[in-house]
Each structure stands twice: as structure tokens, then as C-alpha cells.
């Protein structure tokens, strides 16, 4: 049986996850993994059974490699995308493409010109709960969508260093929620308005916010709102409500166990699964396998470069709304 | 507008509740209330606006009184029922009719001979949750009933004195659950088997049990089980599951508030409403008003003397099963 | 025992509810009820046992009447409040005071000058669920409040006629939610931004919106959002989430029954209680009795004229934000 | 790194699952798989990458194989256990050991004599929900266990052929629940009483029951009940309640998605995960890996031969109770 040869750029946390997940897919052959820190990756090397290389060129040059995964730091994505596209490789890239629309559009054009497939890493679309609500919306169960709410809260705030290099809450964290809002609604977000502040940690006030309510207007007339917080004491909070003319569909949190305990203080259930690695284990598996399947079947990827650009532009517009204290239109792709 | 004149025997806790509830029904006139402790009931007298009398004969003799409520101690019920029946009064009587089948049947025959209406006080049938499941069963939503489970647990155990005079767990507490099982299933309980012990309080071992699983066989082929405990730390537990060929219908507990609180220890909701007076406030209201309405409309009462006898006979059979450690048939009414 | 003599202006739907509820309070004597349509209120007259009069002056002139309930159309509230205040009566008035801040402030000043007590009718504060969360916030269970969300959706949209005379969604419907946000947070709403449209019924586009997301900034640094819709197919939706540094507290809907039914299509529970009369039955009872108790004990009312003014000013600011598409500051009381 | 060489007897459905699960454990080397139908297992052969052999002797004779998995038909288990034990292999065997206590005890003695490790396949002990409640019981959260309830219902009844060869409901299906009751309670089941019938399918009346309530008495004074049905329209029902002196802990069903949909007919959630392969995917993984780990670390297996024998004896006693209509003592291991 023909296998799909894959190359991976970056063997940090997320690169290792994707590599491990792909290694269980019998139609995949991970041919090369490249990481500048290869010498510190001995344990992963043993586990995955592949010699980690340091020069990315070996992947570009390997004609047997049809598809690549870009799991490197954000500021290198555009470069890897363009070179991969030119080398004729299909591309899976972690979000965001970059922190700049201009840069991202450069990569976008290179991919279009090369005619290679591209998928951005927004794993939550593959979660069974969100996919279930998406299906209900698509089947008309909620009727015409009128109000969309996305709740997304991390269990604990990132370090100050991380905040500084993250591109800010909108680009780093809420970009997932912009994508989710577009995914569930099948509509473009046309305008955003931001109601946000540094509430959890006032020390980051000059560089970022950590609690945000972002208003959305959709291209087909619905309105929506995203609620983000960098910290939730009860854990990783991942909910959504799609309200429409026939009813409402809500994603609830997945808990550590479906157990109810009752004592003199009331009824109690366990907390949500700790963070994205626990909560989205299966989504990460399904995401890369779906990308591989798209390449294998030579069909369009389920998540496209347009999706990547639009979520990024929502984040950029949100930042502008925060700065100007006004609603800001989101620029569409020509 | 013609009103229904009512007399009440007994102004203890439950008598006062019924009196207060009936006093808000514009078609009812509470004409007389009798209690031997009338001199200690000054506050209630003021509240209800009626002079409490001490001689029950005044009710039997009052030709304007069409209906009576018997809220006196259990060992006086039979006597009050027979005298009321002979005086042509319609009767609402608190459960149980008596602790002896022979005694209860004496009252039963007197009521049949007099042709007066009779209703036994099993308020839970009027609860919106249990009534909702009953309706689902009657409408065929669960299909053919196959398995019935009734969970009934008190928040705290009664005093030793109460246990001694109560007639035992089956007659005092589970009689409600036998009635509920008959009500929901529309079937007779034909056989019981008891798996029970004094677990909460070993000191009552010689006189009663406090934790019990009682197996039921129904006349139409279903099987069932009642789980009782005299103590539940989390509060008054009143659940039920009616499982059948098309699905299952479950009564859940009514909580102090429909509120969910989440913190680092998990999700939390309040406890069930404390005990029967809180949990069944509305059932008590609906129960006596339904009795009054039955008299007013000259229709059959919703709960009959046969219901009273059969629940009592289940309790008697359960006691025999506990003593003999064998399944025991429940005697039917000829 | 001394009773509190009360007069009621208006015997429409809400006036009758308050009258019936007060009539069960033994410390209250409803002395007079006035309504211009008295001749059509024969049935209510019989039920409440009081002759309905037509001239409001009889209440102002009755020196035994200490407190009044104003349950007349909104455009008469200010007049009744000012006259009642001048007559030295304590006042309970249905919301809103008026549709104009200037008018409401005239009434406000008259009440302050007369030194009478005043309570505005915001019954939801008395609901056990909302009160439970309020208590959790006050006790510090959620920590410092950071994000507040209020969901409020009616089961079906009002008639076009009603919409025209209602004062608009913000004044008619969301005013309850502004009050709830102030109540739960113990903070003032300082700024609002509106994201809203006529989505349910596009025909009202020129006169009102029916679907709205309103952003809030609070005086103590929290942010919030209110989600309103004039129609929810699944019924009257009354939820809330108070998220803070220690956790989150959520009000869930009260359903028609706490019953779960499972069949081949999944698990099912009944809809929320139909509308405000069913959902807030007990709140209406507790509200007027609390007002009566405040008068009786000569203490401050639990809900004040300041509360009425501030909720109204939020509604006015929301309307301005809708028109200007900008965030609008809410004017404080000097 | 030293690996554990494993041999597998039987490559039917469950054998393949275990093989696939073990193949992802880097400390395991599946050295041989034996199945008489090897010629029909080409696809599995390719997937697992091992040549399926037909003669079981090759495993007994392979000195490098330290541990075996017995996944063959029940009537061959005893023979494979005894031969494996004599060959010094550690043994994981699917439940039940056999349909006869005498036979099972022969295998039991052979294992004890050989001093090899033995684990019986009761995967549910590894489920996160049941394990969570087990932990709560062990930590004293429910206090002294008083009442245990196990609900276990299959989504659809097996074929008549399966019923005939299955050993009956108690041995085939409820054996899991007897094991669960022993696992959660940390007590022996000393007595059972059966209330059961062929209700789902009356045609099997002469050979088996399909709806059963089985009463348990525990060695430390608790009482319990197992409710089984061979068919539940809403799906695979796997619940449990452990009630004790301090509270109660309940396992609820895992659903296809944590999604709530509300429309005019109420609130709806998806059904439970379809059947044991979906519901217990992770348990099967954890089960065999825990066995491998026990061999690797040379520690006792988490589930022992005593556990296998006792669950089987409960099933045998249940069958006797069904036939005699009396409570039956469960025989202990000397």
C-alpha cells in the first residue's frame, strides 16, 4: 500500500503531539523531522523511532515528501510556508500564520500560486462537541442563527514573557474563538467591538488584556459575542451557544469524570479536563489525520488558508477596536 | 355561590397545613375544627379565624358539614372513619388507615355501605414531577413498563420513640413508595421480597430496619424495587425511574435553587429541598383541593380506599418477608 | 394586632396579582382599590372581596392608608407618585417609573422631599435562584467579580402595538436585566455599548430591535454583557453567570418538572416554566410582602428609587448607543 | 530497553482489540498470535504486522514469551490457563474463566501451584467514572457504604443463538456487575436473591431471563441491588450509586457529546455511547497495559483469580436463586 511521506518542521510540544498521532496512521510515513534543538530531543527520537535532523532544507529537497507540518515558532511560519509551497509540498501549519496581515497574505499568495493544499491548525473544529453543534446548525435544527456566544477561558494565566511574545489575547487565544464563530455560523464576521481589560493581572495593562467580551456582527445578519478570560479557577472552560429561530444548541464542558457526589454541602461533579492537551486529545488526532486524508484523496482540506486569514483579521480588528474604543469592520479577502 | 362546608378532626401539624390550604379555596368553608388540645392552639385559631372545639361529636352532628378531614393520630382513624361514614360525611383521611388490615377493612366496609366518598392522604401523587412521569407512562412514552425503581430517603432518622410507635419503616415510610409504585405502574404489586437491615442505627435492630431494598412483582409482568433509607446526608431524596420497552422516565430531586457554582473543587449545586413540608408544599395544596373538588362535582376521588388498603397490605407483606426471609404474596381485595 | 392599610391604583393583570398576594398577608389590610374600568372588574371584586372604586382621590384622601401600590399604565406613574408622596403615602410602583429621565427625576425629587418610602417593582431580585447567586457573590464565593452575563429571552414576541407603546426593548425588557446586573454586582453600570438588530421580526426595524447584546462596564472594573431576545422557541429563558477570581456562579432555568426522559433520540427534559407569571409567581409574592414589611418595620425598602433611576438611565444610554453606534456613558445620580 | 514478549491466543474481536492496544505500548513486544482461523485473518495480520499461527503449542514452547492473553472461546479457557501456567507464562484471561465452578477451580489451583500471575478481563474497573467513585469510596467520601446500586443495560438483546451459548444473563452479563459491586464495596457478596423474568423477549423464557433485579448482601453489612436489562432503547446504560453514611456517589452515562439542544419540545442531549466497544475503549487499553505493567514490575495484578472466582460464584448463586425462588448464600474461597 502506498503511504504518504510527511516531513515535520519543529519537534516542540505540538510537533511531538502531531508526530505521535500521525505515527499511528497506517497510511502515513513520517520520513523526516527537523528541529534546530535536535540534540536535546533524544527521548522523543527514541519514542518516535526517527533521527531528528537540524537542516530544514532536507525536507524541501526530499522529493518523496509530499506533505509537511509546520510546528515551529510563529515568526518562522511565513518563511516555511513559502519555501514549502515552492517545493510543491502540501502544508499543515499551526495557527496563527503570522502576526501581520501583510506577511500572512504573502504566504497566502505563494500557496495559491503553487497550487498546494493548506490547512491551518484549528483543532477545536474536530472536537466531537463543537462538531455536533455545527452539524445541528447545518441541518437546520436551530433554524436561522440569530445569536452566537462563545465562552473560552484558560485555567491559568500565561507568564508575562509569554504574554509579551504571544501577539496578545486576540491573536493568541481568541483567534480560536473567531474561527469557531465562523465555523459554526457559516458566516463571515464583518465587524467587531471590544469590551476588555487587564483584570486578572493588572500588571499586563500596558501590553495586553486578559478578560474580554468581543461583539460580533455576521454577514448574514446574526450577532454574537465571545467571552474570554486568561484564568478560570474551575478549569479550562470551553462552551458555546448557538441560538436561532427554532431553538438553541449548547456545548458544555467535558469533565474529568461523569460522576455526581452528594453530601451535606450539595451535589458536586469533577472539574473540566485540565487544559487543551487533555481536552482536545482526540481533536489533535483527528485534525492531522484529516489533513493527511485530504492529501491522500486529493480533495480540499477541511480548513483552508482563507479560514486562517479571516480569523487573523478578526483578531487584528479586535486589537484596533480595543485601541480606538470603536466598532471596527473586518476586512474581507478580495 | 354555594360553598362546601368542611369539618376537620385534628389540628396538629398536618391538620393545620390542610386547614390553611383549604382556607384559600373560595369554594370551601371550613366550618368546624375539633382538637382535644384546643386550649393550646390559640395562635392557629387566630390565624385561621375559627374557634377550635374539643368534642368531635359537633362535626358528626352538623348537618351542613358534607366533608371531613381526619388528621388525628393513626390509632383513632378507623373510629373517625366509621362514625363519619355513618353520619354521611365524605372523608379525607391521613395515611395509614390503621396498622391492622382487619381494622382497616372494617372502616373500608363502613365507607362502602354508607356510599360516601373517601380519599387517603398520599400527597406525592400530586407532585408535579411524579405526576409528569405518570402521564408519560399513561401516554405510552416508556412503552410497556418493565422495571420500576423508587428511591426514597429521609434527611435524618426519626427518634427512637417515633420508631417504636410508627408501625415500622414499611408502614410508616415505604407505604408512600408502595402507593407510588402502584400509581405509576397502574398495576397491582403481587409479591414482595425484603432485603433490609438496621444499618444507620444498629440500636433499633430489635424493633425495626432503617435501610431497605424491597423487590416487587407486578400483576402485569413488570418487576420493581424500592430503596429506602431513614437518613441521607445530602437531604430528602425522592427519585424514581420507570423503565420500559420504549425508554425510561426519571424523577430527579427538586433543589433549593437551580444554581451551579464552579470553583477549584468542581461544580456544585444546592441540596434537595429539606423535607416533605418543603418538598411537597404544593402537593399538599393540590391534594385537599382535589378532594374538595371531587365532593363538589360528585365524582370519584382520585385516590380511593382500595389504594389505601393495597399500599397497607404491601407494607404488611414486606414485614412478613423481613421476618421469614422469603418472598411473600400480597393479598388482593376480593 | 395593628394592620397596614394599603391602597392600590390599577386593577389590571399586575394589580390583581399584587392584590391577591397581599390579601394573604395577615398584617395587611387592602383598604381601597381604584381603577377607571371598575365596572368590568366584577369577577375580581368578588374574588378579592373589595368594592373597586374609580376615583383615585379616595386613596390620597384616606388618612388610614399608609402605603400605595401603583399598578397603572406607565404614563401615569409620575403623577401618581407625586400625588401619593404629597399625601404622605409610602409607594410601591411598577417599573418603569416613566419613559423620560426628566419625568422620573421629578417623581424622585417629590419622594425625597416628602420623605416617604419608595420601592420599584423589580420582582426578579426576589427569585430564589438569582437571590442565591447574589448571596454567593456577597459572601465572596466568586471572589472579585470580573465578568457578568445575563441571558433573558421571552418565549414569544409581543404584538406590534405593544412594541410601539412599550418604550422599546431596552426600557421595556432589558431594564430588568440592567437592574439584575446592578443587583448581582453591587456596582454601577458606567458605560454601555449596543450590538442589536430586528432579527426575529424585521417589520419592527424602524421602531425597535428584538435581539440585542449589550456590553457593560462596571464602576469597580468588571465588564459584562446582557443577551436579550424577544423570542425563544424553547421558552422563557432566564439565566445568569457571575464569573470572578475564585469561580463562577450560574443561574439555570426552572423547568416545568425535574424529570428526565430517555428514548432512542436521546435524553429529554421539559421546557422552562412558560413566562414571567409562572416563573416568578413566588417572587411577586415576596416582593410586595417585603415592601409591606419595610413600611411596617419603618426600615428602608430593599429596592430604592435610585435603583429605579439607574436602571432607567442604562436603558436610555443603550438607546443612544444603538442610534450612535458608539459606547455611551451612563449618567450617575448627583 | 528490555521488552516484554507476549503471546496471544485467539484473534477474534476482543483478541484483535487487545493486540492493537498492546502494540502501542513501547515496553511490549507481541511475539506470537495464534488462531485456528488464521487464514481468514489476512487484514488483521497486515494491520498488526505479525504472522498469525494456528498451533497454540508454539506459544507454550516459546521460552521468550513471558505472558499470554487468552481471548479464545470460554469453553477453552481452562485448558489454556492450565497449559500456560505449567509453561510458566503469566496469564491474562477474558471473563468468564468457565461456566463451571469445578472447572474454574482446577485452573485456579494450577495457577496457584505454578506461581504465575493471573488477571481476569473485567475492563470496567479501569473506566475513569467507576474508578473515580471507587476512589471516593476508598477515601471515605461516602462514609460507611450502606446501599449499592448497579444499573447495567445493553442497547439491544443478543440473538437467540448467543443466549443459548452464553451461560445465561448472570454468567454472561451480570458477572461484570457482580465484579463491580465487589470492586466498589471492597466487600464480599455473601447472599443473592433474584427477582427476574424474560420480559423483553418472552421466547427465551425456558432458557434464560432478560430483565433482572438481583439483591446483594455484603460481608460488612451493606446491602445492594443490580438492575439488568438486555435492551434499553436509549442505549448502553452503565450507572452506579454508592450510598453511605456521609453521602452518595453516582456514575452517570458518558454521552455521544456534551451538548444540550433546546427547542419547543424541551431540552435534549445525545444518547449514551453505543455499546461496550465505544464506551470502554480506554478501559480496554488501560486494562492490558496494567497487566503488562504488573508482569514488568513483578507485582500482583490489579484483578486476581480470586476476583474471577467470586464473581462467577455470585452468578452461579443467582442462577440457583432464580430456580429456587429463595435467597442463596455465595460460597467463599477457602
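Residue numbers (my numbering), protein chains in the order written: chain P, 209 to 542; chain A, 209 to 542; chain Z, 209 to 542; chain H, 209 to 542.
Note that CB positions come from ideal geometry on N, CA and C, so glycine has one too.
Q.
Cutting at 7 Å between CB atoms, please list the residues of its own chain near residue 408 (chain P), excluding the five before and the five after it.
A. Here the set comprises 365, 418, 419, 437, 438 and 439.
Q. Which residues in the same chain have their Cβ closer than 6 Å to the Cβ of residue 311 (chain A), if we skip the five residues on either side of it in sequence?
A. Around residue 311 (chain A): 286.
Q: For the beta strand (DSSP E) containing residue 458 (chain Z), list its first residue and its last residue.
A: From DSSP, the beta strand (DSSP E) with residue 458 (chain Z) extends over 456-459.
Q. Whose CA, out of Z:416, Z:459 and Z:450, lies closest to the CA of residue 394 (chain Z)?
A. With distances taken between Cα atoms, residue 394 (chain Z) lies closest to Z:450.
Q.
Quick check on the DSSP output: the alpha helix (DSSP H) that includes residue 286 (chain H) runs from which residue to which?
A. First-last of the alpha helix (DSSP H) with residue 286 (chain H): 285-294.
Q: Identify every residue that forms a DSSP beta bridge with residue 403 (chain H).
A: Its beta-bridge partners are H:421.
Q. Taking the runs of the beta strand (DSSP E) that are 3 residues or longer, which of them lie wholly in the stretch 321-378 of chain H?
A. Counting whole runs of 3 or more residues, the stretch 321-378 of chain H contains the beta strand (DSSP E) stretches 326-329 and 353-361.
Q.
I need the DSSP call for residue 474 (chain H), collapsed to helix, strand or coil.
A. Reduced to three states, the DSSP call for residue 474 (chain H) is strand.
Q.
Measuring alpha carbon to alpha carbon, tell me which residue in Z:413, Z:332, Z:351 and Z:356 is nearest residue 190 (chain Z).
A. Because residue 190 (chain Z) is not part of the residues shown, which for chain Z are 209 to 542, the question remains open.
Q. Based on the DSSP output, what are the partners of residue 277 (chain Z) in its beta bridges?
A. BP columns for residue 277 (chain Z) point to Z:216 and Z:300.
Q: Give the C-beta separation of residue 474 (chain H) and residue 226 (chain Z) to the nearest angstrom, bearing in mind that I take them to be a contact with Cβ-Cβ under 8 Å.
A: With 8 Å as the limit, residue 474 (chain H) and residue 226 (chain Z) do not qualify as a contact, their Cβ atoms being about 32 Å apart.
Q: Starting from residue 492 (chain Z), find everything on chain P with Cβ-Cβ shorter than 8 Å and list it in chain order.
A: Those within 8 Å of residue 492 (chain Z) in chain P number zero; the least Cβ separation is about 27 Å.
Q: Answer yes or no: do residue 423 (chain A) and residue 337 (chain Z) have a C-beta to C-beta separation smaller than 8 Å?
A: No.
(Q) Determine whether the beta carbon atoms of residue 387 (chain P) and residue 488 (chain P) lie at a separation below 8 Å. (A) Here residue 387 (chain P) is not near residue 488 (chain P), since their CB atoms are 8 Å or more apart.
Q. What in chain Z is Cβ-close to residue 477 (chain H), meaning under 7 Å?
A. Here the neighbours are 474 and 475.
Q.
Does chain P have any CB closer than 8 Å to the CB of residue 471 (chain A)?
A. So yes, residue 471 (chain A) belongs to the interface.
(Q) Does chain Z have any CB closer than 8 Å to the CB of residue 326 (chain P)? (A) Not closer than 8 Å to any Cβ of chain Z, the Cβ of residue 326 (chain P) fails to qualify, so no.
Q) Since residue 535 (chain A) meets chain H, which of its residues come closer than 7 Å, beta carbon to beta carbon? A) Going along chain H in sequence order, the residues near residue 535 (chain A) (Cβ under 7 Å) are 533.
Q: Spatial neighbours of residue 479 (chain P) within its chain, please: CB distance less than 8 Å, with the 5 preceding and 5 following residues excluded, ordered by chain position.
A: Excluding positions up to five away in sequence, the list reads 442, 443, 463 and 464.
Q: Compare the C-beta of residue 444 (chain Z) against all C-beta atoms of chain P and say whether one is closer than 8 Å.
A: Among the residues facing chain P, residue 444 (chain Z) is not included, as its CB has no counterpart in that chain under 8 Å away.
**Q.** DSSP beta-bridge partners of residue 446 (chain H)
**A.** DSSP lists H:360 as partners of residue 446 (chain H).
**Q.** Where residue 361 (chain A) falls, given that 16 or more other Cβ within 10 Å makes a residue buried
**A.** Classification for residue 361 (chain A): buried.
Q: Could you work out which residues of chain A lie near residue 441 (chain P), taking near to mean beta carbons separated by less than 7 Å?
A: Correct list: 471 and 472.
Q. Name the chain H residues that come within less than 9 Å of residue 456 (chain P), Cβ to Cβ?
A. By Cβ distance, chain H contributes 468, 469, 470 and 471.
Q: Determine the contact status of residue 212 (chain Z) and residue 274 (chain Z), defining contact as a CB-CB distance below 8 Å.
A: Yes, the pair counts as a contact, with Cβ atoms nearer than the cut-off.
Q) Beta carbon of residue 493 (chain A), beta carbon of residue 229 (chain A): below 8 Å? A) Contact: yes.
Q.
Quick check: is the beta carbon of residue 216 (chain Z) nearer than 8 Å to any beta carbon in chain P?
A. Output row for residue 216 (chain Z): interface = no.
Q: Could you confirm whether any beta carbon from chain Z is found closer than 8 Å to the beta carbon of residue 234 (chain A)?
A: So, interface residue.
Q | Between the CA atoms of residue 317 (chain H) and residue 300 (chain H) - distance to the nearest angstrom | A | C-alpha separation (whole angstroms): 16 Å.
(Q) Using 8 Å for Cβ pairs, my map puts residue 397 (chain Z) next to residue 538 (chain Z). What's the rounded Cβ distance? (A) Indeed, because the Cβ distance is near 5 Å, the residues count as touching under 8 Å.
Q) Which residues mark the beginning and the end of the beta strand (DSSP E) in which residue 437 (chain A) is found? A) Element bounds for residue 437 (chain A): 431-437.
Q.
Please report the straight-line C-alpha distance between residue 385 (chain A) and residue 331 (chain A), rounded to a whole angstrom.
A. The straight-line gap from Cα to Cα measures roughly 11 Å.
Q) Which residues in chain P sit within 7 Å of residue 462 (chain H), going by Cβ to Cβ distance? A) Going along chain P in sequence order, the residues near residue 462 (chain H) (Cβ under 7 Å) are 466.
Q: Flag this pair as yes or no: are the beta carbons of residue 251 (chain A) and residue 259 (chain A) separated by less than 8 Å?
A: Contact check for residue 251 (chain A) against residue 259 (chain A) fails: the beta carbons are separated by 8 Å or more.
Q. What alpha helix (DSSP H) runs, 4 residues minimum, are completely inside the stretch 485-532 of chain P?
A. Qualifying alpha helix (DSSP H) stretches, in chain order: 489-505 and 513-532.
(Q) Tell me the rounded alpha-carbon separation between residue 470 (chain A) and residue 497 (chain P). (A) Approximately 35 Å, taken between the alpha carbons.
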